[in-house]
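Undergrad: Protein chains in written order, with the numbering used here: chain A, 24 to 89; chain B, 1454 to 1774. Heads up, the beta-carbon is just placed ideally off N, CA and C, and yes, glycines get one too. The structure presented is a predicted model; accordingly, all values stated were derived computationally and were not measured.
This is the structure we're talking about:
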């Protein structure tokens, strides 16, 4: 936990898009079929690892430690 | 007076110096109830240190006058000691900070630690001045006059020391008002026109709209404008407010972290604060914000930005305030 704004690496990617459009570099990618599934997985990872969920507004959510 | 152990001991200047130094330290202690120390144990350690610095300060001049030069070098030892006090305070506060949801930040911690160091020097300075005046009078007039002059010197030097310790808050340099929290472009959290952060989870956005409180901070002096641009100062603001009104946040809920950010991309100089308070009382939140200390690291920047200009026009203030 850090209150300091920082440039942390992406922790995980949760996306409605397919593997042809979104691929993980160093961050794991969760491919989901619906927005409910996207929200459930994102919330759980967020609560477990204390990472913030950011909506890229194109069906991809990035989970980034703050 | 001869050197060696047979020199007469001047109890009046020493006693007055010690008492004055301890009083100076005690009076300075009163103002830090809000940040630290919070417990009697903390007070005891600071009062003890204050007493020791007063003793060292009080014997300085009597020792010199008695040609006890070795005793006078104890002053140097004390300075080293107080520097280590600051290091100790820094380490202590940093370790506390690592387990605090809204951290004080390094600027705030250095400010607190340095203040503690300075207050020991002030206690020592008051003791030195009091004992010098009292002993000089004692050497030329009577004991009664020495006590009178010592008390007068003590009062004056304590007054000077307390005015030196300053401890300005943001109250003098910024004005605050409650702003409206809203989302733009779907998920960007704004308070009025100040963008704070991206909130990705829909349920978190609902929470912010229902329970969140936003504050817009406008500089009203050049110091205030400079301070707001300091990241340390804004972290201190977020910490103060969260500490005083509480924040409904925890590990695992990073999207609820209280934030204080500048208005950008224009950068006209306003800042915004948002938090989900435990005590949802806007007036208390504003008061908590205004009670935040103006950090030393932010204090010497004096800027003039559009937000300040607008405030000055609205309140008919001449430039350079």
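Grab me the residues of residue 1648 of chain B's own chain with a C-beta within less than 6 Å of its C-beta, minus the 5 sequence neighbours each way, in chain order.
TA: Indexing the second chain from 1 puts residue 1648 of chain B at position 195. Contacts found: 1641.
Undergrad: So residue 1768 of chain B is in the alpha helix (DSSP H); what residue range does that whole segment cover?
TA: Along the second chain, read from residue 1 onward, the residue named residue 1768 of chain B stands at position 315. Start and end: 1759 to 1768.
Undergrad: Among B:1464, B:1669, B:1633, which has the Cα closest to the Cα of residue 1596 of chain B?
TA: In the second chain, residue 1596 of chain B corresponds to position 143, counting from 1. Of the listed residues, the one whose Cα sits closest to residue 1596 of chain B is B:1464.
Undergrad: Under three-state DSSP, which class holds residue 1612 of chain B?
TA: For this step, residue 1612 of chain B is matched to residue 159 along the second chain. Here residue 1612 of chain B sits in helix by DSSP.
Undergrad: Could you tell me the distance, in whole angstroms, from the CA atom of residue 1616 of chain B to the CA atom of residue 87 of chain A?
TA: Stepping through the second chain from its first residue, residue 1616 of chain B is reached at position 163. Stepping through the first chain from its first residue, residue 87 of chain A is reached at position 64. Rounded to the nearest angstrom, the two C-alpha atoms are 46 Å apart.
Undergrad: Cα-Cα, which of B:1477, B:1690, B:1621, B:1730 is closest to residue 1664 of chain B?
TA: By one-based count along the second chain, residue 1664 of chain B stands at place 211. Distances from the alpha-carbon of residue 1664 of chain B to those of B:1477, B:1690, B:1621, B:1730 put B:1730 closest.
Undergrad: Shorter than 8 Å from the beta carbon of residue 1486 of chain B to some beta carbon of chain A?
TA: Here residue 1486 of chain B is taken as the residue at index 33 of the second chain, counted from 1. In this prediction, residue 1486 of chain B has a pLDDT of 43, which is less than 50 and means its spatial position is unreliable; what the coordinates show is noted afterwards. No, because no Cβ of chain A sits closer than 8 Å to the Cβ of residue 1486 of chain B.
Undergrad: Run through the region 1611 to 1691 of chain B for me and flag every whole alpha helix (DSSP H) of 4 or more residues, listed as ranges in chain order.
TA: 1655 to 1664, 1675 to 1681
Undergrad: For residue 1524 of chain B and residue 1512 of chain B, which I take to be in contact (beta-carbon distance under 8 Å), what is that distance rounded to the nearest angstrom?
TA: If you number the second chain from 1, residue 1524 of chain B lands on position 71. If you number the second chain from 1, residue 1512 of chain B lands on position 59. Confirmed, about 6 Å.
Undergrad: If you count every other CB in all the chains shown that lies within 10 Å of the CB of residue 1497 of chain B, and 16 or more means buried, which is it?
TA: In the second chain, residue 1497 of chain B corresponds to position 44, counting from 1. It counts as exposed.
Undergrad: DSSP on residue 1727 of chain B, reduced to helix/strand/coil?
TA: On the second chain, position 274 is the one that residue 1727 of chain B refers to. Here residue 1727 of chain B sits in strand by DSSP.
Undergrad: Roughly how many angstroms separate the alpha carbons of residue 1627 of chain B and residue 1678 of chain B, rounded to a whole number?
TA: Along the second chain, read from residue 1 onward, the residue named residue 1627 of chain B stands at position 174. Along the second chain, read from residue 1 onward, the residue named residue 1678 of chain B stands at position 225. Residue 1627 of chain B and residue 1678 of chain B: Cα-Cα distance of roughly 8 Å.
Undergrad: Going by DSSP, name the residue or residues bridged to residue 37 of chain A.
TA: By 1-based counting over the first chain, the position of residue 37 of chain A is 14. Bridge partners of residue 37 of chain A: A:53, A:84.
Undergrad: Using beta carbons (cut-off 8 Å, strictly below), is residue 1708 of chain B in contact with chain A?
TA: Locating residue 1708 of chain B in the second chain gives position 255, where the first residue counts as 1. So yes, residue 1708 of chain B belongs to the interface.
Undergrad: What are the boundary residues of the alpha helix (DSSP H) that residue 1579 of chain B is part of?
TA: For the purposes of this step, residue 1579 of chain B is taken as residue 126 along the second chain, with counting starting at 1. Note, residue 1579 of chain B: alpha helix (DSSP H), 1559 to 1593.
Undergrad: Going along chain A in order, which residues have a C-beta closer than 8 Å to the C-beta of residue 1649 of chain B?
TA: Against the second chain, residue 1649 of chain B aligns to sequence position 196. Near residue 1649 of chain B there are no residues of chain A at all, since even the closest Cβ is about 11 Å away, more than 8 Å.
Undergrad: How do the region 1652 to 1660 of chain B and the region 1686 to 1699 of chain B stand: do at least 3 beta-carbon pairs fall below 8 Å, yes or no?
TA: Touching, no.
Undergrad: Report all residues from its chain with a CB closer than 6 Å to the CB of residue 1466 of chain B; omit the five preceding and five following residues, and keep chain order.
TA: The residue given as residue 1466 of chain B occupies position 13 in the second chain. Answer for residue 1466 of chain B: 1515, 1584, 1587, 1588, listed in chain order.
Undergrad: Check whether chain B comes within 8 Å of residue 74 of chain A, counting only Cβ atoms and requiring the distance to be less than that.
TA: Locating residue 74 of chain A in the first chain gives position 51, where the first residue counts as 1. With 8 Å as the cut-off, residue 74 of chain A counts as an interface residue toward chain B.
Undergrad: Mapping DSSP to helix, strand and coil, what is residue 1746 of chain B?
TA: Sequence index remark: in the second chain, residue 1746 of chain B carries index 293 (1-based). Three-state DSSP puts residue 1746 of chain B in a strand.
Undergrad: Quick check on the burial criterion: 16 or more other C-beta atoms within 10 angstroms. Buried or exposed for residue 1672 of chain B?
TA: Numbered from its first residue, the second chain carries residue 1672 of chain B at position 219. Buried, because 16 or more other Cβ atoms sit within 10 Å of the Cβ of residue 1672 of chain B.
Undergrad: Short of 7 Å Cβ to Cβ, which residues in the region 1529 to 1547 of chain B face chain A?
TA: none
Undergrad: To the nearest angstrom, how far is it from the Cα of residue 89 of chain A to the Cα of residue 1629 of chain B?
TA: Reading the first chain from its first residue, position 66 is the one you call residue 89 of chain A. Reading the second chain from its first residue, position 176 is the one you call residue 1629 of chain B. In a straight line, the C-alpha of residue 89 of chain A is about 27 Å away from that of residue 1629 of chain B.
Undergrad: Is it the case that the CB of residue 1576 of chain B approaches a heavy atom of the ligand GTP more closely than 7 Å?
TA: In terms of ligand content, the structure shown is empty, and the ligand GTP therefore cannot be addressed.
Undergrad: In three-state DSSP terms, what is residue 1438 of chain B?
TA: The structure shown does not extend to residue 1438 of chain B, since chain B is modelled only from 1454 through 1774, so no value can be given for it.
Undergrad: Within the continuous beta strand (DSSP E) that includes residue 77 of chain A, where are the two ends?
TA: Position 54 of the first chain, counting from 1, holds the residue named residue 77 of chain A. Here the beta strand (DSSP E) through residue 77 of chain A covers 74 to 78.
Undergrad: Would a C-beta distance cut-off of 8 Å place residue 1610 of chain B and residue 1578 of chain B closer than the cut-off?
TA: Position 157 of the second chain holds residue 1610 of chain B. Position 125 of the second chain holds residue 1578 of chain B. Yes, they are a contact pair.
Undergrad: Since residue 1480 of chain B is in the alpha helix (DSSP H), which residue starts that stretch and which ends it?
TA: Taking the first residue of the second chain as position 1, residue 1480 of chain B is located at position 27. In the DSSP assignment, residue 1480 of chain B falls within the unbroken alpha helix (DSSP H) covering 1464 to 1482.
Undergrad: Quick one: using the 10 Å Cβ neighbour count with 16 as the cut-off for buried, is residue 1573 of chain B buried or exposed?
TA: Locating residue 1573 of chain B in the second chain gives position 120, counting from the first residue. Burial of residue 1573 of chain B is indicated by the presence of at least 16 other C-beta atoms within 10 angstroms of its C-beta.
Undergrad: Can you name the residues of chain B whose CB is closer than 7 Å to the CB of residue 84 of chain A?
TA: Residue numbering aside, residue 84 of chain A sits at position 61 when the first chain is read from its first letter. The contacting residues are 1653.
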